[in-house]
Amino acid sequence: MTRPITAEVAVAYALCPRKAYLLLCTDEQGAPHDYPRILAADQHRNQASYLNGLQPSQGGRSGYVGTLPRRGGGPLSAAILKTSDCEAYCDELTPALRVTAGPGQQYEPTLVSGTHNITHEQQLALLFIGYVLGQLQNVPPSAGALVGLDGRVHKVSLNQRRYAELEGVIDTLRTWMQTPAVDAPPVILNKHCPLCPFRVDCRAKAEHDDDLSLLERMTPKARQRYRDHGIFSVKQLSYAFRPRRRRKPSPKTPVKHIFELQALALRTGKTYLHEPPALVHEQTEMFLDFEGIPDRDIQYLLGLLVSQDGDVSYHAFWADTDADEGQIWHELLTTLAAYPDAPLYHYGQYEARAIKVLLRRYRPAADQLSGRLVNLNAYVYRKVYFPVRSNRLKDIGRWLGVSWATAEASGFDSLVWRHRWDESHDDADKQLLLAYNETDCQALRVLADELTRLRETGAEDPSVDSSTRPKRYATDTGGRLHREFETILRSAHAEYEHSKISLRRDQPATPDDDKRRVGGQPGHPGHYATPPKATKVVQ
Ligand code: SF4
Numbered sequence: 441m442t443r444p445i446t447a448e449v450a451v452a453y454a455l456c457p458r459k460a461y462l463l464l465c466t467d468e469q470g471a472p473h474d475y476p477r478i479l480a481a482d483q484h485r486n487q488a489s490y491l492n493g494l495q496p497s498q499g500g501r502s503g504y505v506g507t508l509p510r511r512g513g514g515p516l517s518a519a520i521l522k523t524s525d526c527e528a529y530c531d532e533l534t535p536a537l538r539v540t541a542g543p544g545q546q547y548e549p550t551l552v553s554g555t556h557n558i559t560h561e562q563q564l565a566l567l568f569i570g571y572v573l574g575q576l577q578n579v580p581p582s583a584g585a586l587v588g589l590d591g592r593v594h595k596v597s598l599n600q601r602r603y604a605e606l607e608g609v610i611d612t613l614r615t616w617m618q619t620p621a622v623d624a625p626p627v628i629l630n631k632h633c634p635l636c637p638f639r640v641d642c643r644a645k646a647e648h649d650d651d652l653s654l655l656e657r658m659t660p661k662a663r664q665r666y667r668d669h670g671i672f673s674v675k676q677l678s679y680a681f682r683p684r685r686r687r688k689p690s691p692k693t694p695v696k697h698i699f700e701l702q703a704l705a706l707r708t709g710k711t712y713l714h715e716p717p718a719l720v721h722e723q724t725e726m727f728l729d730f731e732g733i734p735d736r737d738i739q740y741l742l743g744l745l746v747s748q749d750g751d752v753s754y755h756a757f758w759a760d761t762d763a764d765e766g767q768i769w770h771e772l773l774t775t776l777a778a779y780p781d782a783p784l785y786h787y788g789q790y791e792a793r794a795i796k797v798l799l800r801r802y803r804p805a806a807d808q809l810s811g812r813l814v815n816l817n818a819y820v821y822r823k824v825y826f827p828v829r830s831n832r833l834k835d836i837g838r839w840l841g842v843s844w845a846t847a848e849a850s851g852f853d854s855l856v857w858r859h860r861w862d863e864s865h866d867d868a869d870k871q872l873l874l875a876y877n878e879t880d881c882q883a884l885r886v887l888a889d890e891l892t893r894l895r896e897t898g899a900e901d902p903s904v905d906s907s908t909r910p911k912r913y914a915t916d917t918g919g920r921l922h923r924e925f926e927t928i929l930r931s932a933h934a935e936y937e938h939s940k941i942s943l944r945r946d947q948p949a950t951p952d953d954d955k956r957r958v959g960g961q962p963g964h965p966g967h968y969a970t971p972p973k974a975t976k977v978v979q
């Protein structure tokens, strides 16, 4: 039995064509992550309360399945729209105020979501509903609405350009349905993978193939470019690295992440310095890590590790509710004020952005705090290549020996734990979060120590190398051999005979040379062409 194309499949295609193929053309279910499950449960709750709130007096029909009324009639709720190969569920269809063309009744779709903020995927799902609706009423709606968890209605414009893009996707899905490909589209790991139900199998396949997409930041375009040059695996990529002397960087030239060097670091197990880190140890240092809920734009756990003359203490400021955010922020500020000169280390943009918002929200007067922030990622990205696949703090931290209590702990897991704690107030979930946050802070401290060590002793450490001037390790004989080979390589090209400098001898070296005088008849063994005049002085 062929399945219809649904909004879920169309949205999956935008995230990863392989995911769409597995959902549409196979029976594989995978193992859904807890976070999308929580979002789906929130959506169902929100949908139920939205539908309950609709006025039956409006003359609408609920649980609607079938062809659309030609004229008149009120809104339709919980509608299932079907065409020959597409199916879409829509919470509400409201009669369009402005009829663009055609004789019949025209509707606009409303979809109820499970988040406060509206995401790109939700807009795509609404676009798909608009597309199916357009097939039924002959004119696609020009607008729709998304209802957030807080009840806010977000108007979304559905224009022709977006419909045209979607149509291209649906054409591909139709082709798959009619003649399913023998193989699913290739595994290209991407940002969506941690939440995808097929993540375990895809990662195993990528690991088996040593696929280029294992390297974070490897876009599908960059991956294809390497494949066009015959480089298919990370190991092959590692052999493509050529050390080059760095020219003085122009401020306008963006410094790029070097995938070849990242691959080389993985193959050799060494850390490569493209630019030695300039981090200097301070007597007192502080490490910040926040846990928040981006969808609600709140911070519920502000973690701080203070390292003073070798003594380390961890402080956790925990908010039970959204309303407690201001209180924990002020508690953190009070603790920070006790160390006015200590740098505040963090990793990435998250904490810096959160602090900006918190300053604006609770303490409008400008503070010196932002000036004390030091983003450790800026000392790593494009400068230090650890033998790991990504520059995520978890990957680098694990390489440096830090271990998290849960094996694959990630930001999404922390959202799941907080959601569970919100529901049950189970202390075990709170302890998981506190331990996770403390380990993040520890990882920051270990990374700062490592960056300082690399600056101070990296030159002598055999497990650290430079990307521009690799260290050479050879015996005297090996060194001589290397030099000989370098000379051979310098001369080993077809033009060498013409471009080399030759010295003419004053005395003939052999008796035969004596006979080779200038002026002999051409063709005669004694003929010798006049050597060109020296026109260049080389010292
Ligand atoms: S795990 Fe990643 S590569 Fe695999 S189907 Fe899902 S999104 Fe695509």
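Numbering of the sequence shown is given in my numbering, commencing with residue 441 and proceeding in unit increments. Just so it is clear, CB atoms sit at the ideal spot from N, CA and C, and this is done for glycine as well.
Rounded to whole angstroms, the Cβ separation of Ala794 and Phe730 is 5 Å, and the two are in contact under 8 Å.
In this structure the region 652-662 does not lie against the region 776-785, because fewer than three pairs of beta carbons, one per stretch, are closer than 8 Å. Cβ neighbours of Val640 within its own chain (closer than 8 Å, five residues either side excluded): Gly470 and Ala471. Here the distance from the Cβ of Leu654 to the nearest heavy atom of the ligand SF4 is not below 7 Å.
Scanning its chain for C-beta atoms nearer than 8 Å, with the 5 sequence neighbours on each side dropped, one finds around Leu464 the residues Arg443, Ile445, Val449, Leu613, Trp616 and Met617, in chain order. The three-state reading of DSSP puts Asp737 in coil, since its state is none of H, G, I, E or B. Taking the Cβ atoms as the reference, Ile671 lies roughly 13 Å from Ser653, outside the contact range of under 8 Å. Within the chosen limit of 7 Å, the ligand SF4 reaches the beta carbon of Lys459 through at least one heavy atom. In this structure Leu798 is buried. Its beta-carbon is surrounded by 16 or more other beta-carbon atoms within 10 angstroms. Between His938 and Val978, the alpha-carbon positions lie close to 16 Å from each other. A Cβ-Cβ separation of about 6 Å places Leu741 in contact with Asn877 under the 8 Å criterion. In the displayed model, Asn492 falls within a helix according to three-state DSSP. For Asn831, no beta strand (DSSP E) encloses it, and the DSSP letter there is neither H nor E.
At least one heavy atom of the ligand SF4 is found less than 7 Å from the C-beta of Asn630. Bounds of any beta strand (DSSP E) do not take in Tyr779, whose DSSP letter is neither H nor E.
Contact between Leu521 and Cys530 holds: their C-beta atoms lie close to 6 Å from each other, under 8 Å. CA-CA distance, Gln487 to Ser553, rounds to 7 Å. Relative to the ligand SF4, Val627 has its C-beta within less than 7 Å of a heavy atom. For Ile671, there is no enclosing beta strand (DSSP E), as DSSP gives it neither H nor E. If only complete runs of 4 or more residues are kept, the region 794-872 shows the alpha helix (DSSP H) at 809-812, 817-820, 833-839 and 851-864, in order along the chain.
Counting C-beta pairs with one atom in each stretch, the region 712-724 and the region 892-904 have three or more that are closer than 8 Å, which means they touch. Across the structure, Glu605 and Leu809 are spaced so that their CA atoms are roughly 46 Å apart. At a cut-off of 3 residues, not a single continuous stretch assigned as beta strand (DSSP E) sits fully inside the region 598-662. In this structure the region 555-571 lies against the region 584-592, because at least three pairs of beta carbons, one per stretch, are closer than 8 Å. Per the Cβ contact rule, the region 663-683 is not in contact with the region 879-886 (fewer than 3 Cβ pairs under 8 Å). Around the beta-carbon of Val695, fewer than 16 other beta-carbon atoms lie within 10 Å, marking it exposed. If the five residues before and after Asp474 are omitted, its C-beta is found closer than 6 Å to the C-beta atoms of Val856, all from its own chain and listed in chain order. In the DSSP assignment, Gly574 falls within the alpha helix (DSSP H) that extends over His560 to Gln577. Counting every other CB atom within 10 Å of its CB across the protein chains shown gives Val828 a total of 16 or more, marking it as buried. Looking at the DSSP output, Tyr712 bridges to Tyr825 and Asp905. For a cut-off of 8 Å, the C-beta gap from Leu508 to Gln575 is around 11 Å, too long to register as a contact. For the ligand SF4, no non-hydrogen atom lies closer than 7 Å to the CB of Arg895.
Under the three-state reduction of DSSP output, Tyr679 falls in the coil class, being neither helix nor strand. Only residues of its own chain outside the window of five on either side were considered, and among them Asn817 have a CB closer than 6 Å to the CB of Gly788, listed in chain order. In the structure shown, His594 adopts extended strand secondary structure according to DSSP, grouped into three states. Relative to the non-hydrogen atoms of the ligand SF4, the Cβ of Phe638 comes within a distance shorter than 7 Å of at least one.
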